[in-house]
Structures are given as C-alpha cells and as structure tokens.
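If you read the protein sequences in the order shown, they are chains F and W. Those letters in the first sequence? Residues -17 to 414, per my numbering, in order. Those letters in the second sequence? Residues -17 to 414, per my numbering, in order. Taking it in order: structure first as structure tokens, then the write-up.
2 protein chains.
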Amino acid sequence: VWDRDTRWLARLLARLHPADAADLLEQLSGDDFAACVDLLGGQLPTSIIIELRDEYREEAVEVLPDDAVAAVLGELDSDDVTTILEDLEETRRERILDELAPEDRASLEQGFAYEEETAGRLMQREYFAAPEFWTVGHTIDHAREHADDLPAEFFEVYVIDPAHKLKGQVPLATLLRTPRDINLSDIMEEVESDIRVEMDQEEAAYQFQKYSLASAPVTDDNGRLIGMLTVDDVVDVIQEENTEDLLALSGVNAADGSDTVLDSVKSRAPWLAVNLVTAFIASAIIAIFEGVLDQVVQLAILMPVVAALGGNAGSQGLAVAVRAIAEREMEGDAGRRAILRETLTGLANGVIFAIGVGIIAFAWFRSPELSLTISVAMFATFIWAGFSGIVVPLTLKRAGADPAVASSVFVLTLTDIMAFFSFLGLATLILV
Amino acid sequence: VWDRDTRWLARLLARLHPADAADLLEQLSGDDFAACVDLLGGQLPTSIIIELRDEYREEAVEVLPDDAVAAVLGELDSDDVTTILEDLEETRRERILDELAPEDRASLEQGFAYEEETAGRLMQREYFAAPEFWTVGHTIDHAREHADDLPAEFFEVYVIDPAHKLKGQVPLATLLRTPRDINLSDIMEEVESDIRVEMDQEEAAYQFQKYSLASAPVTDDNGRLIGMLTVDDVVDVIQEENTEDLLALSGVNAADGSDTVLDSVKSRAPWLAVNLVTAFIASAIIAIFEGVLDQVVQLAILMPVVAALGGNAGSQGLAVAVRAIAEREMEGDAGRRAILRETLTGLANGVIFAIGVGIIAFAWFRSPELSLTISVAMFATFIWAGFSGIVVPLTLKRAGADPAVASSVFVLTLTDIMAFFSFLGLATLILV
Chain F
-17 VWDRDTRWLA RLLARLHPAD AADLLEQLSG DDFAACVDLL GGQLPTSIII ELRDEYREEA
43 VEVLPDDAVA AVLGELDSDD VTTILEDLEE TRRERILDEL APEDRASLEQ GFAYEEETAG
103 RLMQREYFAA PEFWTVGHTI DHAREHADDL PAEFFEVYVI DPAHKLKGQV PLATLLRTPR
163 DINLSDIMEE VESDIRVEMD QEEAAYQFQK YSLASAPVTD DNGRLIGMLT VDDVVDVIQE
223 ENTEDLLALS GVNAADGSDT VLDSVKSRAP WLAVNLVTAF IASAIIAIFE GVLDQVVQLA
283 ILMPVVAALG GNAGSQGLAV AVRAIAEREM EGDAGRRAIL RETLTGLANG VIFAIGVGII
343 AFAWFRSPEL SLTISVAMFA TFIWAGFSGI VVPLTLKRAG ADPAVASSVF VLTLTDIMAF
403 FSFLGLATLI LV
Chain W
-17 VWDRDTRWLA RLLARLHPAD AADLLEQLSG DDFAACVDLL GGQLPTSIII ELRDEYREEA
43 VEVLPDDAVA AVLGELDSDD VTTILEDLEE TRRERILDEL APEDRASLEQ GFAYEEETAG
103 RLMQREYFAA PEFWTVGHTI DHAREHADDL PAEFFEVYVI DPAHKLKGQV PLATLLRTPR
163 DINLSDIMEE VESDIRVEMD QEEAAYQFQK YSLASAPVTD DNGRLIGMLT VDDVVDVIQE
223 ENTEDLLALS GVNAADGSDT VLDSVKSRAP WLAVNLVTAF IASAIIAIFE GVLDQVVQLA
283 ILMPVVAALG GNAGSQGLAV AVRAIAEREM EGDAGRRAIL RETLTGLANG VIFAIGVGII
343 AFAWFRSPEL SLTISVAMFA TFIWAGFSGI VVPLTLKRAG ADPAVASSVF VLTLTDIMAF
403 FSFLGLATLI LV
C-alpha cells in the first residue's frame, strides 16, 4: 500500500464519504499519516481535512504546503476556515492569508475577532436572509438565481428589516408548503433562541437543546443578524463539554486527544500532585492516633474499609450533582432540596452499611467493641460524604468555578479525614 | 398564585415558549406541580407536556384524565406519542388507545412493535418522500397541496422507487435553489447514513455525529423507507449516553432523574455493596502483614498514601479510556498503542511521585529504609494503575459489557491490592 502510489490512494479516498476517508487515515500510525498527507499534497480533498480529528487535522495542515492550505481555505464555509486557521502558528497564518485575495482575507480575519469558545467563533457568516415583504415565490426565485451565494446547507430563511435586524424565521419546510403569493411576514415565526456573538458556546448549545433546534441565527447586541449556527457544530460542543466534565471528575485536565506519553503526564500530574498533599494531610490525621494504632493492630487492617466506602459514597453523590448542575437542574430551590436529599441518602446508606460492616468485622475479629467502633464511624462518614458530595460542587459553582474540576479531590479528602478521624477517635474512646 | 386562578395560569403558559413554560412548571415542588396540572386539566397545552423532563411528564400524564391524554396524543408527531405511551401503565394505555379511532390506534401501536432504545422507537413515521421522476416544480406543488399531511418539521425530501425503497435524498436547501423543471433524480444525493429500525439508538446517534446530520431516513432490512430521525431526538440520546457513562464511572446506576431518597439509595447501594466486599479483600491483604504492622506503626500511617495516589492514577487512566472507547477511538491497533501509552504514563508519573513521596516520608520519619519502601511501592503501584486503568475497560468492552459500568470498582480494587501488597511486602523484607 505504501509504495507511493499516489493516484491509487487519491482515487480510493475520493470514492469514500469524507468522514469515512478521514477515519481510514486516522487508523494509520503518526508517521504513515504524515507521509500519506505529504504524498497527496494538494490532492487531499478539503472535505476530508475538515473531517479529521483535531490532532490529525493539525498534523495534516502542518505537512501541507502553504498554497495547498490557501486553496483549501477558499473552498470551505467560514466556520470551517476559522477552525483550520486556529491550528496554524501565527507567522504561518499571516503568510497564508497574504496569499489570498484582499476581500477573502478580510472576511476570514473577521472570524478571529471573536473570542475562543464563543458563538461568534463557532458560527458561519453565510446564511440566507430575506426582507419581510418578499413573497414565497420571490424568495424561491431569488434562491434559484443566486444559488451559488447560498450556504451549502441551511434549514431556515431569516427575515430581516432594512437595518438588518432579525425579525423572524421561516423554516424551509414551511416555505415549501406555502403558496407563491403569500408574504414571508405572514408565515414567519418568532425566533425562540437568543444567541449573541459573544455568548459562551456552552450557553448556545444549551439553547439548541432546550428549543430542539437544527440551526439558529446569531445576532449582535443591537439585534442585527450576523451569522448562523448549525446543529452539527453544536453537537461537537456538547460532546466536548461532556468529555471535559467526565475527565475533570477523575482529575484529568482537558486533554486535547493527548496521544503522547508526555501529554498524558502533563494533563494528569497536576492533580496527582494536589492529591499527594491531601493524602499526607489524611496521614497526619492517622498520625495523631499513633498510640491506639500501636496497641490495636486490627485498626490498621480495617481503617481502609471506612475510607474506601466513604469515598465511594462521596463520589457517587458528586457525580450526580455535577451532572445535575450541567443540565441546569440545580437552580433556585432545587439546590437546597438536593442538599437535604443527598444528606438523607447518606443517612439511609449509612444505616445499611454500618450494619453490614459491623457484622463482617465481628465475624472476623469477634470483638463487639471493634465492631461498634467501625459501625459508628461508617455511619458518620456516610452522612458526611452525602453532605460534602453535594455542597462542594454547589459551592464551587456559586464561586464561579467549574464544579467538575477539583471537586473530586476535595470530596475525597474530606471523606478520608472524616473516616480516619471518626474511626480512630472512637477507637481511642472505646477500645483503650 | 395558587388561588386556583386557572384562566390566569393558562394564559401565562400560553404566552411563553413551551420549553420555557415547562421550565417554569418544573420549578414547582412535586405537590404544587400535580395540583397545577390537575387544575389545568385538558387546558394544559400538549406542546408543554412533551417539553417536560421525564419524571415531570410521567407525573403530569398520571394526573390528567384519560380523555385529555387521548386528545394530547392526537396532536403529536408519532415519536412524541410513543414517548408518552411509554410512560403509562399497560392497562391505562389500553384504555386510552381504545378511545381513539381504529386507524389512529393501529398506527400508534406500531411504534411499540420496536424494542426500546432502538432507532425504530425513536423515529417518527411522518416524512416527505417523492419518486425519482418528479420534477422540483411538481414536488413543491405537491407539498403545497398536501401541506397538512407533511411532518411539522423536516429538512430533506427522500427519494423512493415504486417498491418504497430509498434511492437518495434532496436537502430542502437544494430543492429551493434548483429550477422547477429539473428532475429529483438529477439533484438527489446519496444517503450516507445507514440507519435501520432495529439499530441501537447509540449507533444511530454515532452516525448523526459522524456525518453531521440534521435528519436521516430509517429503513427496514430490505432498504424500504419507514421513518425519519431528527437531530433533536438524537441530541437527547447523546446526552443520556453521556450521563450514563459519567454516573456509571462513579458507581451510580442509570438514575432516571431520581428525585427521592429511596431512588437514590436504590441506584447507589448495589455498587457500595460490591465495594464493601472488595474493601474487605484489600483488608485481608493488609491482615497478611499484621506482624510487620504491629512492629512498625508508621506503616499504618503511610499505607493510605500509596493506595490513594495509586487509585487516583488508575481512575485518571480509566476515565480517558472510557471516553476514548465511547468516541470509538480505540478500535483495532489503537487499543494496543493505548495500553503501551498508559503503562508508560504510569511509569513516568511513577518516577515523579515515587521521588516525591519518598522525600516527604523521609522529612517526616527520618528513616531511609521506610522512605525507600514507600518509593518502590509507589512506583510499582503507578505502573500497575496505568496498566489496569486501560486493560480493565478494554476487556469489559471486548466481553460485550459496558466499559463504564463496574470498571471503577475493579480498577480501584486492583490498585488497592497492589498498593498494600507491595508496600507491606517490601516493608517485611526491608524493615524487619
């Protein structure tokens, strides 16, 4: 396959759907992939490049010559162009932009005027807008005459006034079933979403979900239409945010497809370092009770059971809370109700597992005092775990931080401290 | 507000977008919500009911009288009808279906012929299909004449042959910009997705993401068109699957918005019970080394540090692996490369944190032997954590199980056992 048969490869890729072709290329190892892109050069279809996963796309753009990249940019919708320009180093980006015609250049640079992770960065500047007084017939005729100026894909016609302010929208399905002589103003619907250019992409994604949208207009602060967001870009945002939450909960910094060992270490070592400190804090708690540990060695054997179960209960509550916050189910009164519910859940599970642990410990060591100690400690730790599993993320949220990041370390440290303190403290009272 | 002013309430809700009205109702406490639905009765707009979150919708349908529910069903697209019928108990479902006209009834029951969580359950049976030989003009005229039979929202016209087999699709945007006399067969594109009725909804959602779709046709095994999936339903599936993964990783069984303490206990106690068993297995490992623990109490103080850091490293690798599997980045060769990468990451972090832990332990206890013991144990545990964090989910996946469920408990147990065994085992060799 790798005997440099460029034409065979180009033909193979052309036969596949771009997404499938991209999948195929991604299955190659790093070096083979670069060699392959290098070989194809300008022949690698643009549509495949944009389908590649982030890290592969960056690699491909790196390998391709400037003029090939410039040619690629000319063919794409503006949101895809922004994506590729983001991958480039600044000097190279300037060089490539210089190769383009001035008017293209100006429009491409516009996308960069908006901050990262905003609706402005995500949107495309191509859309189909029409004034209120146009009829259905006129709108369709206009679309036929200016077929080339329309975006490749769109689901609504946006209705604007002379000042370019957004008045409403007409879904294409509505346009299709309406007689030619009806005015757009008679069939247009209100735009339910309210997405501004500078809005966080997460907020825009939330509106897409809430109103079940396939696309939505993007306006500036004066209500003027300046772009369009489509659901495929929004789905990517939703996936990204979900991945961030899941990884953050396990103490991994947002990895952008970390494919090397160095990337992995960089994204994980910081939280392990924090954990190193908190683990020694928990050790310091144990050290306070060195005396009783020295006398009753069984305490050292059972101690991790209390910590493990308490930590597990805390993580469960935390995961539920982080999810509920992400889906905006924790606003207003719901937050207070959740704290009560989680604490009561801790209490209920505490009763169940205090009894369970007590029985097993008694069966093992035949000491009613030891059994009582671990039961009471288990019970206290569960209630505490339930409470901190919800209060920590809610507090982080209220402080304006991401509730998924860092809360795991906090909750586990809090439950560890409670577990060791209550178990060894009680042991000092009961057993010595 | 709660002075039973039905008309005021009905007017308020009618003024809001259904999704916003549903949000408002959800902010009420359980009893107020039921009272409110009861009060409104048949006046509660259908569009609001379908926007309510699962548990509220079930509650609402429970409170409403049969004829109100039957009326609701008549107004909705078939996928929404299926959602509501799913909420009902079987006897009541039968009774409500009996109230409907026989032809409605038959079509409603069809949705139930497909299994839960398949594309068939999720799809709607309304779509717009046209034969190949129709022109653009004829298609638009047909849509105008049969405006009422078309689905409320659609983005493509599906092209079928006389046997109702799917031949291709024409996006509405393409239809709009094409002159009236062109045949559909000249502008239709190939359907890239291949979604069958009995396909798992997760697989269908994957195709939506891969091909950036807004809607897609659903076919039976003979390639005949029988329904349509739209992206808003798919986004809900994506969110559901993400939530399941995140909760499963923390040992919470798929909670359907568990709002009561009993629900919470039910969804969490099973994994805590498993953890109870595994925690005592780890204790048994410690018990083997009772002798050395009795002699050197510092071991009991430092033991949890090794377990906590090792567990954290394992969880990090696990989260990355579960995410990568969900996004299908672990197929073929990629899996083997990931195992190597994770083990090497464990080795690299192992070196860093073995040194860190060793230095802190030495500063605290001034014993080079103890410091050496904890360093070597930490190093071994990290490598083991990296390895098991990836191998456990991959093995579960290969065995056909969900890699997110249960893997957390396995990985933590494996790292605990390794931590205690290596630390106390080495201590026996070096310190005694």
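Yeah, the Cβ is synthetic: ideal placement off N, Cα and C, and Gly gets one too.
- At a cut-off of 8 Å between C-beta atoms, W:K379 does not count as an interface residue with respect to chain F.
- At a cut-off of 8 Å, the C-beta of W:P199 has no neighbouring C-beta in chain F.
- When the five nearest sequence neighbours on each side are left out, no beta carbon in the same chain lies closer than 6 Å to the beta carbon of F:N204.
- Per the C-alpha coordinates, the member of W:L82, W:S29, W:R319 positioned closest to W:H(-1) is W:S29.
- Runs of beta strand (DSSP E) with 3 or more residues, each lying fully within the region 152 to 202 of chain W, are found at 197 to 201, listed in chain order.
- In this structure, F:I208 lies near F:V200, with their beta-carbon atoms less than 8 Å apart.
- Going by beta carbons, W:P144 and W:Y109 fall outside the 8 Å limit.
- Put simply, of F:R162, F:G332, F:R206, F:V391 the residue whose alpha carbon is nearest the alpha carbon of F:S232 is F:V391.
- Under a criterion of Cβ atoms nearer than 8 Å, the residues of chain W adjacent to F:Y193 are, in order, H(-1), A1.
- Assignment of W:Q221 by DSSP, reduced to helix, strand and coil, places it in the helix class.
- Annotated three-state conformation of F:Y140 is strand, per DSSP.
- For chain F, none of the residues of the region 363 to 387 of chain W brings a beta carbon within less than 8 Å of one of its beta carbons.
- Comparing alpha carbon positions, the residue from F:S175, F:V179, F:D202 closest to F:F190 is F:S175.
- The Cβ atoms of F:V51 and F:V45 lie no closer than 8 Å to each other.
- If you look at F:T212, you'll find it in the beta strand (DSSP E) that goes 207 to 212.
- Residue state for F:T242 is assigned as coil, using DSSP reduced to three classes.
- The beta carbon of F:I177 does not come within 8 Å of any beta carbon belonging to chain W, so the residue lies off that interface.
- For secondary structure counted as the alpha helix (DSSP H) over 4 or more consecutive residues, the region 81 to 132 of chain W holds these complete runs in sequence order: 84 to 93, 101 to 104, 118 to 127.
- Listed along the chain, the chain W residues whose CB falls inside 7 Å of the CB of F:I164 amount to none; the nearest CB is some 10 Å away.
- Contact of W:R159 with chain F is assigned, a C-beta pair being separated by under 8 Å.
- Per DSSP, W:N331 is one residue of the alpha helix (DSSP H) stretching across 315 to 347.
- The alpha helix (DSSP H) runs lying completely inside the region 269 to 295 of chain F and spanning 4 residues or more are 272 to 277, given in chain order.
- Secondary structure at W:G407: helix, using DSSP grouped into helix, strand and coil.
- Boundaries cannot be given for F:G382, as no alpha helix (DSSP H) includes it and DSSP labels it neither H nor E.
- Scanning F:R380, F:A186, F:E171 for the CA closest to the CA of F:R178 turns up F:A186.
- With respect to the C-alpha of F:R103, the residue from F:E114, F:A125, F:E91, F:D48 having the closest C-alpha is F:E91.
- Take the alpha-carbon of F:E41 and the one of F:L10: they are about 13 Å apart.
- Using beta-carbon distances, F:L354 does not count as an interface residue toward chain W, since no partner is under 8 Å.
- The count of Cβ pairs closer than 8 Å, one atom from the region 302 to 316 of chain W and one from the region 256 to 271 of chain F, stays below three, leaving the stretches out of contact.
- F:G368 sits away from F:S357, with the two beta carbons spaced by 8 Å or more.
- In this structure, W:G371 lies near W:L300, with their beta-carbon atoms less than 8 Å apart.
- Leaving aside the five residues that flank W:T260 on each side, the residues in its chain whose CB is nearer than 8 Å to its CB run, in chain order, V391, L394, T395, D398.
- Leaving aside the five residues that flank W:A343 on each side, the residues in its chain whose CB is nearer than 7 Å to its CB run, in chain order, L284, L352, S353, I356.
- In chain order, Q106, E108, P133, A134 place their CB closer than 8 Å to the CB of W:D59, counting only its own chain and leaving out the 5 sequence neighbours on each side.
- F:S297 belongs to the set of residues whose beta carbon lies under 8 Å from a beta carbon in chain W.
- Within chain F, the residues placing a beta-carbon under 9 Å from that of W:I220 are V217, I220, Q221, N224, ordered along the chain.
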